[in-house]
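Enquirer:
Residue numbers (the UniProt record's numbering): 1 to 105.
(1) Given a threshold of 16 other Cβ atoms within 10 Å of its Cβ, counted over all protein chains shown, does residue 36 qualify as buried or as exposed?
(2) Helix, strand or coil: how does DSSP classify residue 23 here?
(3) Excluding five sequence neighbours on each side, which residues of the same chain lie with their C-beta closer than 8 Å to the C-beta of residue 24?
(4) Which of helix, strand or coil does DSSP assign to residue 42?
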């Protein structure tokens, strides 16, 4: 599913049901865009290097942290993610974070 398709949330209301809202797809899209930015050493720092470890654990079924949960990782870091996308003028990244925060977190 494309990132633009994930943003089509018209008529959906999380307070009624999460049915039809692809929260995991949104989380994956946010983390994919995050990775694209922070894999560039000029756009990373110590925080983002530690975040990479958390991202890896969020997808690892054998992680000592328990059940893999990329959605939890994104929801608990929305401020930082939005700031990253804003700093590097990634408008789609900003929209994805806003969408996941408003509909899934």
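For each residue, glycine too, the CB sits at the ideal point set by N, CA and C.
Expert: According to the structure data:
(1) Looking up residue 36 in the chain shown gives position 36. Under this definition residue 36 is an exposed residue.
(2) Working through the chain shown from its first residue, we reach residue 23 at position 23. For residue 23, the secondary structure class from DSSP, reduced to helix, strand or coil, is helix.
(3) Stepping through the chain shown from its first residue, residue 24 is reached at position 24. Cβ within range, chain order: 70, 71.
(4) Counting from one through the chain shown, the residue named residue 42 turns up at place 42. In the three-state reduction of the DSSP assignment, residue 42 falls in the helix class.
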